[in-house]
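83 is the number of the first residue of the sequence shown in the numbering used here; add one for each residue after it. Positions of the beta carbon are idealized from the N, C-alpha and C atoms, including for glycine.
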Amino acid sequence: MADYGKEGDDLSLIVCNCPYRQVALAHREVCEMDMAMVAALLDTTTKMTRCIAHHDAQCRFVIPKK
């Protein structure tokens, strides 16, 4: 499940269930791949501020306001 919200002036994409969780716990580079995929799909830069593999409740990608 995914949701979105605001983080200051920026948007945030919130992912509550990581499809890569088991792999990401052992290989955190999967999180970098996921962040790059989100950035490519949205044609912008993104920053991951929360990560399930880092024991956060959800993954959160901040998308800067253009």
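7 Å CB neighbourhood of residue i in its chain, flanking five on each side removed
i: V97; result: A84, Q140, C141
Per-residue burial, residue i [other beta carbons within 10 Å of its own, 16 or more giving buried]
i: A135; result: buried
i: T128; result: buried
i: A106; result: buried
i: D116; result: buried
Boundaries of the beta strand (DSSP E) in which residue i is found, first to last residue
i: C141; result: 141-145
CB of residue i within 8 Å of CB of residue j, strictly
i: V120; j: T131; result: no
Start and end residues, alpha helix (DSSP H) containing residue i
i: M117; result: 111-124
i: A84; result: A84 -> not in any alpha helix (DSSP H); beta strand (DSSP E) instead, spanning 84-89.
Reference residue i, options the options, closest by Cα
i: P101; options: D91, C113, L93; result: C113
i: C133; options: L95, A122, D91, K147; result: L95
Beta-carbon proximity list for residue i, same chain, < 6 Å, skipping 5 on both sides
i: K147; result: D91, D92
Residues near residue i by beta carbon distance below 8 Å, same chain, minus five either side
i: R103; result: I134, A135
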